[in-house]
Amino acid sequence: MSVGAIVYFLFSLIAIMALIRFARTDSFGEAFNISAILAHIGRIGWLNYILALIIVWIVLVVAVMIFLIAMGIVSFILALIPLVGWLLALILIAAVAILIGPFIGVFEARYLTLIYESAEA
């Protein structure tokens, strides 16, 4: 594992909580209050926090894989239509991604916010 990957992982642990802290406090400065963010993660529990992030990552990967497999099958079938099949497949993939993307985003945001709020005040 490279040093860059370790730094990225550690930064992402703090960045997720910083985004939620910024949204909850309406203060841009609170997003950079690293000591308060680390204390909040400590109240949640580092193991619980990392496990929750792994769970949300697994759920999102499974959802995206199901989407990709389904769209791959449908695209293959549509691509068999001469001349316009590939265009229909492209339009269908874009439409489904636009419809499903917000649900995935809302799920992730709500899940991470519930983790943030699980800490004692």
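Mapping of the sequence shown onto my numbering: residues 819 to 939, in sequence order. Think of the CB as a built atom: it goes at the ideal place given N, C-alpha and C, for glycine as much as any other residue. Bear in mind that the values here come from a model prediction, so they are computed numbers and not experimental data.
Is the beta carbon of residue j closer than 8 Å to that of residue i?
{"i": "residue 879", "j": "residue 929", "result": "no"}
{"i": "residue 938", "j": "residue 861", "result": "yes"}
{"i": "residue 870", "j": "residue 855", "result": "no"}
{"i": "residue 896", "j": "residue 888", "result": "no"}
{"i": "residue 933", "j": "residue 867", "result": "yes"}
{"i": "residue 910", "j": "residue 882", "result": "no"}
{"i": "residue 885", "j": "residue 918", "result": "yes"}
By the three-class DSSP mapping on this structure, what secondary structure does residue i have?
{"i": "residue 932", "result": "helix"}
{"i": "residue 846", "result": "coil"}
{"i": "residue 901", "result": "coil"}
{"i": "residue 863", "result": "coil"}
{"i": "residue 854", "result": "helix"}
Where does residue i land, buried or exposed, given buried means 16+ other C-beta within 10 angstroms?
{"i": "residue 859", "result": "buried"}
{"i": "residue 834", "result": "buried"}
{"i": "residue 927", "result": "exposed"}
{"i": "residue 841", "result": "exposed"}
Might you give, ordered along the chain, the residues of its own chain that have their beta carbon closer than 8 Å to the beta carbon of residue i, omitting 5 neighbours on each side?
{"i": "residue 822", "result": "none"}
Could you confirm whether any beta carbon from chain B is found closer than 8 Å to the beta carbon of residue i?
{"i": "residue 866", "result": "Included in the structure is just one protein chain, with no chain B present."}
So, for residue i: in the same chain, excluding its five sequence neighbours on each side, which residues have a beta-carbon less than 7 Å away from its beta-carbon?
{"i": "residue 899", "result": "906"}
Between the Cα of residue i and the Cα atoms of the options, which residue gives the shortest distance?
{"i": "residue 936", "options": "831, 829 and 863", "result": "863"}
Could you pull out every residue in the same chain whose Cβ sits closer than 6 Å to the Cβ of residue i, ignoring the five residues on either side in sequence?
{"i": "residue 852", "result": "none"}
{"i": "residue 904", "result": "897"}
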